[in-house]
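Taking it in order: structure first as structure tokens, then the write-up.
2 protein chains.
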Amino acid sequence: MTPPSRHITLKDLARELGVSTASVSNAFNRPDQLSPRLRERILSEAQRLGYQGPDARARTLRTGRSRIIAVVLAETLTYSLNDAVSSELLTGIAEVLDDHGHTLLLLSGRQPGSRQTSGTASMADGFIVYGLMPSAMLLNELPAQRPLVAVDFNIDGQPMVHIDNEPASHAIACYALATPPRRIGVLALRLTETPCNGRVTEEQPWLTAERTITRARLDGFHRAFEEHGIDPAAVPVWNIEENTHDICAPVIASILDLPDDERPDLLLCMSDRIALTALTLAEQRGLRIPEDLRLTGFDGIAEGQYRSPRLTTVRQDSTEKGRITARMILGLVPAEPSLLATELIVGESCPYRVTFGLTNPATQSLRCTANLGGNGAGRRPLGGVIDRVIEDHADNPLNLDIA
Amino acid sequence: MTPPSRHITLKDLARELGVSTASVSNAFNRPDQLSPRLRERILSEAQRLGYQGPDARARTLRTGRSRIIAVVLAETLTYSLNDAVSSELLTGIAEVLDDHGHTLLLLSGRQPGSRQTSGTASMADGFIVYGLMPSAMLLNELPAQRPLVAVDFNIDGQPMVHIDNEPASHAIACYALATPPRRIGVLALRLTETPCNGRVTEEQPWLTAERTITRARLDGFHRAFEEHGIDPAAVPVWNIEENTHDICAPVIASILDLPDDERPDLLLCMSDRIALTALTLAEQRGLRIPEDLRLTGFDGIAEGQYRSPRLTTVRQDSTEKGRITARMILGLVPAEPSLLATELIVGESCPYRVTFGLTNPATQSLRCTANLGGNGAGRRPLGGVIDRVIEDHADNPLNLDIA
DNA sequence: CTGAAAGCGCTTACAG
DNA sequence: CTGAAAGCGCTTACAG
Numbered sequence: 001m002t003p004p005s006r007h008i009t010l011k012d013l014a015r016e017l018g019v020s021t022a023s024v025s026n027a028f029n030r031p032d033q034l035s036p037r038l039r040e041r042i043l044s045e046a047q048r049l050g051y052q053g054p055d056a057r058a059r060t061l062r063t064g065r066s067r068i069i070a071v072v073l074a075e076t077l078t079y080s081l082n083d084a085v086s087s088e089l090l091t092g093i094a095e096v097l098d099d100h101g102h103t104l105l106l107l108s109g110r111q112p113g114s115r116q117t118s119g120t121a122s123m124a125d126g127f128i129v130y131g132l133m134p135s136a137m138l139l140n141e142l143p144a145q146r147p148l149v150a151v152d153f154n155i156d157g158q159p160m161v162h163i164d165n166e167p168a169s170h171a172i173a174c175y176a177l178a179t180p181p182r183r184i185g186v187l188a189l190r191l192t193e194t195p196c197n198g199r200v201t202e203e204q205p206w207l208t209a210e211r212t213i214t215r216a217r218l219d220g221f222h223r224a225f226e227e228h229g230i231d232p233a234a235v236p237v238w239n240i241e242e243n244t245h246d247i248c249a250p251v252i253a254s255i256l257d258l259p260d261d262e263r264p265d266l267l268l269c270m271s272d273r274i275a276l277t278a279l280t281l282a283e284q285r286g287l288r289i290p291e292d293l294r295l296t297g298f299d300g301i302a303e304g305q306y307r308s309p310r311l312t313t314v315r316q317d318s319t320e321k322g323r324i325t326a327r328m329i330l331g332l333v334p335a336e337p338s339l340l341a342t343e344l345i346v347g348e349s350c351p352y353r354v355t356f357g358l359t360n361p362a363t364q365s366l367r368c369t370a371n372l373g374g375n376g377a378g379r380r381p382l383g384g385v386i387d388r389v390i391e392d393h394a395d396n397p398l399n400l401d402i403a
Numbered sequence: 001m002t003p004p005s006r007h008i009t010l011k012d013l014a015r016e017l018g019v020s021t022a023s024v025s026n027a028f029n030r031p032d033q034l035s036p037r038l039r040e041r042i043l044s045e046a047q048r049l050g051y052q053g054p055d056a057r058a059r060t061l062r063t064g065r066s067r068i069i070a071v072v073l074a075e076t077l078t079y080s081l082n083d084a085v086s087s088e089l090l091t092g093i094a095e096v097l098d099d100h101g102h103t104l105l106l107l108s109g110r111q112p113g114s115r116q117t118s119g120t121a122s123m124a125d126g127f128i129v130y131g132l133m134p135s136a137m138l139l140n141e142l143p144a145q146r147p148l149v150a151v152d153f154n155i156d157g158q159p160m161v162h163i164d165n166e167p168a169s170h171a172i173a174c175y176a177l178a179t180p181p182r183r184i185g186v187l188a189l190r191l192t193e194t195p196c197n198g199r200v201t202e203e204q205p206w207l208t209a210e211r212t213i214t215r216a217r218l219d220g221f222h223r224a225f226e227e228h229g230i231d232p233a234a235v236p237v238w239n240i241e242e243n244t245h246d247i248c249a250p251v252i253a254s255i256l257d258l259p260d261d262e263r264p265d266l267l268l269c270m271s272d273r274i275a276l277t278a279l280t281l282a283e284q285r286g287l288r289i290p291e292d293l294r295l296t297g298f299d300g301i302a303e304g305q306y307r308s309p310r311l312t313t314v315r316q317d318s319t320e321k322g323r324i325t326a327r328m329i330l331g332l333v334p335a336e337p338s339l340l341a342t343e344l345i346v347g348e349s350c351p352y353r354v355t356f357g358l359t360n361p362a363t364q365s366l367r368c369t370a371n372l373g374g375n376g377a378g379r380r381p382l383g384g385v386i387d388r389v390i391e392d393h394a395d396n397p398l399n400l401d402i403a
């Protein structure tokens, strides 16, 4: 009958039914607080009148809970949404939030934070902060006293979820050095305090390990170099400002275009995106992988395994990282520092032993799990060894022995 | 002094300052409504007392506007966040929202929509619905009377943003058929009404063009076939259920493993992901591209252009699609059906003329812009021709003449 | 099991 | 330019 003139509210519905607003509210929120019969009557009448249920805006104000969790991304949304690692993290976060009736609000820390946007931030019940913020500004604009979890970098006094960057980097470098290279190159990601897209010179100050995962990865490489009698200072480092093909390409081109006697034959890359770009550019130049150039990545993104040659890399389970973070922000697990294990994936871009003329490169593959500590083991990365080897091909047993 | 016992509100601040709540509100929201001196006093006192500004939850209830736009994704969030095309769409949406002080809430249409999640949906000021919903259920749960824009599929009575699928598919098929293939295969994406991951049989009913972009793409292929004297019914169609490597791979493997005299030498794929999977599997089998197998994609994602051979494909500007959609939902442009143009990108996976033994495959590349109608040209795809050719390499002029 | 009432924190006509 | 007051739509003790 009465077509909803404009907008029907809980109060209207209660009046229409001749019951109290409390009963209508309970019909939707607390079935145990009223008789099934009344509840049924309320719900069916609601449907008939086109009442969709209590307004989230009012519920939020009243209860103080919006069921929204904000993810504050250090990078631009453009980057974060198109990067495999951030996407996986968001996937894990979204999965857990969804399972618990929460939704995901995306915020970017890159723009200064117009008052409007940071005002909206105060809708969220909690905050997940991913990656190093360009400035502390945005963090200050976040409402205090609400739960916050940091991912991949440290905020004083806040719980943190991260991976064992230093041991993982150490492990993959040791693995690669098992076949002695002639010349090594390191490709770092946002290592320097001031932007630098290219060869890093001695005088450039580096970010501290507290502030960037890159530093911890470099520390792992350097420890491996020292253990193999290589002077870390003698290994050139190139820096990449953003983990995208377009930014990587010129730096890598400059390396690959070096004369044969200066070009590294082993590139340790701090991300799979960097390694994949190097792979593409190397192929374009007719360089043979792995004979002329060996490459290692970091992250273990799908794209690196769905092509030939596959990347040798460290796999981090970003999805699981997201899940843990989300559980923490929802209070499903204690908000304690959490450290995730990583896994060494051996592909053809840097095989265990470089063998020429293999007919089927797949037989060179194996997968190693680096059980380096795992969750909740404290804030500091643990030392550890690769202690398990899973072979893809039983007919080609290999034993890795990497300290 | 008085450390904020728990939580300071606008009212507290007004009392502390001896001004009305209206003045405090105006200090934050409407600078022109009070003297600069008073505003200054209010803002500095706010800062001193740790008042972060008006609470978004209360503002939202009072004003009826949350500055949140929800994107309802037909696929799971896992898929959408990891798929290049959806990511680009979200990127475009986020960019415009951000510029206008709005934020992005992600919802998935895949799960039935627990009451909690769909309750939260009612926070949003507007809805962007992307892709065909598995059921109409979720749409009904969305609050009526709030703006809604559909992307890539039709909801009766709602504005829609989409691309010219049929003409674009027609164009790329005509282009590929310029070199006569021996056998063609079509790889479709979610074409059938009931799930089918593999060869499509005659009796399987197809979704209508209204409901899926796939159908329009197939129609474009078929028109091209007919124009080239090929009976569409004689061209086999394989269906892919999800646009991911893992789901594509077995279907494509089954095609590539056909005997030489049954295997297609031209695969028209409805997405770049499908084409890239085919490329990888073909390479693993030692098939030469393009001599043994030519491939075309659809979408123009970066991954298809950052490898060798590059994909021949139709580029759609998903980012721009997102921008237009976001402007529409914010009311910055009229909420009218919008049709975006696409572009034919010619890579080495299906070159213009198949020439054997080219030393530099890059010289075979060119790029064609298919100006097929553009924005706001009405709800139905327009016919049209590729009317502009941009050459990557001036030393290798090519003229395309595709009707 | 049900109903009357307070109040979440804000914005906005409106009167001064 | 400023202040007093209503009310956005709901939830939740609390009394019955």
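Chain order of the listed sequences is A and B. For the first sequence, counting from 1, position 126 maps to 126 in UniProt numbering; every step adds exactly one. For the second sequence, counting from 1, position 67 maps to 67 in UniProt numbering; every step adds exactly one. Yeah, the Cβ is synthetic: ideal placement off N, Cα and C, and Gly gets one too.
- Helix, strand or coil: which one does DSSP assign to residue 316(A)? The answer is strand: DSSP assigns residue 316(A) an E or B state.
- Classification of residue 64(A) by the beta-carbon crowding that lies within 10 angstroms, buried from 16 upward: Under this definition residue 64(A) is an exposed residue.
- Closer than 9 Å at the beta carbon, the chain A residues around residue 194(B): Within chain A, not a single residue places a beta-carbon under 9 Å from that of residue 194(B); the smallest gap is close to 26 Å.
- Item | 7 Å Cβ cut-off: residues of chain B touching residue 264(A) | For residue 264(A), there are no neighbours in chain B by C-beta distance under 7 Å, as the nearest C-beta there is about 21 Å away.
- Message: Strictly under 8 Å for the Cβ-Cβ distance: is residue 73(B) near chain A by that measure?
- Response: So no, residue 73(B) is outside the interface.
- Query: Mind checking if residue 103(A) is an interface residue toward chain B, Cβ cutoff 8 Å exclusive?
  - Reply: Proximity of residue 103(A) to chain B, defined by a Cβ-Cβ separation below 8 Å, is satisfied.
- Task: Determine the DSSP secondary structure at residue 127(A), reduced to helix, strand or coil.
- Result: The answer is strand: DSSP assigns residue 127(A) an E or B state.
- Message: Checking 8 Å against the spacing of the C-beta atoms, do residue 240(B) and residue 189(B) come in under that value?
- Response: In terms of Cβ geometry, residue 240(B) and residue 189(B) form a close pair [threshold 8 Å].
- Message: Taking beta-carbon pairs under 8 Å, can you tell me which members of the stretch 47-61 of chain B lie near chain A?
- Response: Residues passing the 8 Å Cβ filter: 50, 52, 53, 54, 55, 56, 57, 58, 59, 60, 61.
- For residue 321(B), is the classification buried or exposed, using 16 other Cβ atoms within 10 angstroms of its Cβ as the cut-off for buried? So residue 321(B) ends up on the buried side.
- List the residues of chain A that residue 98(B) touches, going by C-beta distances under 8 Å, in chain order. Within chain A, the residues 77, 108, 111, 117 have their CB atoms less than 8 Å from the CB of residue 98(B), given in chain order.
- Task: For my contact list, residue 185(B) and residue 238(B) are in at a C-beta cut-off of 8 Å; report their separation, rounded to the angstrom.
- Result: Taking C-beta atoms under 8 Å as the contact rule, residue 185(B) and residue 238(B) qualify, at a distance of about 7 Å.
- Message: For a contact defined as C-beta to C-beta under 9 Å, what are the partners of residue 308(A) on chain B?
- Response: For the C-beta of residue 308(A), the chain B residues within less than 9 Å are, from N- to C-terminus, 280, 283, 284.
- Looking at residue 298(A) and the ligand NAD, is the gap between the Cβ and the nearest heavy atom below 7 Å? As for the ligand NAD, it is missing from this structure, which has no ligand bound.
- Task: Spell out whether any CB of chain B is found under 8 Å from the CB atom of residue 67(A).
- Result: Taking Cβ atoms only, chain B reaches closer than 8 Å to residue 67(A), which makes this a yes.
- Item | Separation of residue 299(A) from residue 220(B), as counted between CA atoms | Between residue 220(B) and residue 299(A), the C-alpha separation is close to 40 Å.
- Under 8 Å by Cβ, that's how I've got residue 218(A) and residue 187(A) pegged, so tell me the actual separation to the nearest angstrom. The pair is not a contact, with the Cβ atoms about 11 Å apart (cut-off 8 Å).
- Can you tell which of 54(A), 48(A), 294(A), 7(A) has the C-alpha that lies nearest to the C-alpha of residue 23(A)? Minimum Cα distance to residue 23(A) is reached at 54(A).
- Spatial distance of residue 293(A) from residue 256(A) (CA atoms): Rounded to whole angstroms, the gap between the alpha carbons of residue 293(A) and residue 256(A) is 9 Å.
- Message: Checking 8 Å against the spacing of the C-beta atoms, do residue 129(B) and residue 89(B) come in under that value?
- Response: No; because the gap between Cβ atoms is not below 8 Å, this pair is not in contact.
- Message: Looking at the secondary structure, which residues open and close the alpha helix (DSSP H) in which residue 269(B) lies?
- Response: Element bounds for residue 269(B): not the alpha helix (DSSP H) but the beta strand (DSSP E), 266-269.
- Find the residues of chain A that neighbour residue 423(B), judging by a C-beta separation of less than 7 Å, and give them in chain order. What the structure shows of chain B is the stretch from 1 to 403, and residue 423(B) is not part of that stretch, so it cannot be assessed.
- Simplified DSSP state of residue 289(B), which is helix, strand or coil: For residue 289(B), the three-state secondary structure derived from DSSP is coil.
- Task: Could you tell me the distance, in whole angstroms, from the CA atom of residue 183(A) to the CA atom of residue 158(A)?
- Result: In a straight line, the C-alpha of residue 183(A) is about 42 Å away from that of residue 158(A).
- Task: For residue 326(A), return the contacting residues in chain B, with the cut-off set at a CB-CB distance below 8 Å.
- Result: Chain B residues near residue 326(A): none, gap ~12 Å exceeds 8 Å.
- Query: What does residue 123(B) reach in chain A if we use C-beta pairs closer than 8 Å?
  - Reply: What residue 123(B) touches in chain A: 56, 57, 60, 66, 68, 123.
- Query: Within 10 angstroms of its Cβ, does residue 7(A) collect 16 or more other Cβ (buried), or is it exposed?
  - Reply: By the neighbour-count rule (16 or more Cβ atoms within 10 Å), residue 7(A) is not buried but exposed.
- Task: Pull up the CB-CB distance for residue 243(A) and residue 213(A), whole angstroms please, since I reckon it's below 8 Å.
- Result: Going by Cβ atoms, the distance from residue 243(A) to residue 213(A) rounds to 12 Å, so no, they are not a contact pair.
- Taking the continuous beta strand (DSSP E) assigned at residue 282(A), which residues delimit it? Residue 282(A) -> not in any beta strand (DSSP E); alpha helix (DSSP H) instead, spanning 272-284.
- Message: Is there a C-beta anywhere in chain B that falls below 8 Å from the one on residue 88(A)?
- Response: Yes - at least one Cβ of chain B is within 8 Å of the one on residue 88(A).
- Message: Which residue marks the beginning of the beta strand (DSSP E) containing residue 224(A), and which one marks its end?
- Response: Boundaries for residue 224(A): no beta strand (DSSP E) harbours it, while the alpha helix (DSSP H) harbouring it runs 213-227, taken from the DSSP string.
- C-alpha distance - residue 161(B) paired with residue 91(B), whole-angstrom precision: When rounded, the distance between both Cα atoms is 16 Å.
- Message: When you compare the CB of residue 381(A) with every CB in chain B, is at least one pair closer than 8 Å?
- Response: Low confidence applies here, because residue 381(A) scores a pLDDT of 28, under 50, leaving its location unreliable; read the following figure in that light. Closer than 8 Å: no.
- Item | the stretch 225-234 of chain A / the stretch 263-271 of chain A touching (three or more Cβ pairs under 8 Å) | Taking one beta carbon from each stretch, the stretch 225-234 of chain A and the stretch 263-271 of chain A have fewer than 3 pairs nearer than 8 Å; the two do not touch.
- Measuring CA to CA, which of 199(A), 247(A), 319(A) is closest to residue 340(A)? The option with the nearest alpha carbon to residue 340(A) is 319(A).
- Would you mind working out which of 263(A), 180(A), 288(A), 275(A) sits nearest residue 230(A), comparing C-alpha positions? It is 180(A) whose Cα lies nearest to the Cα of residue 230(A).
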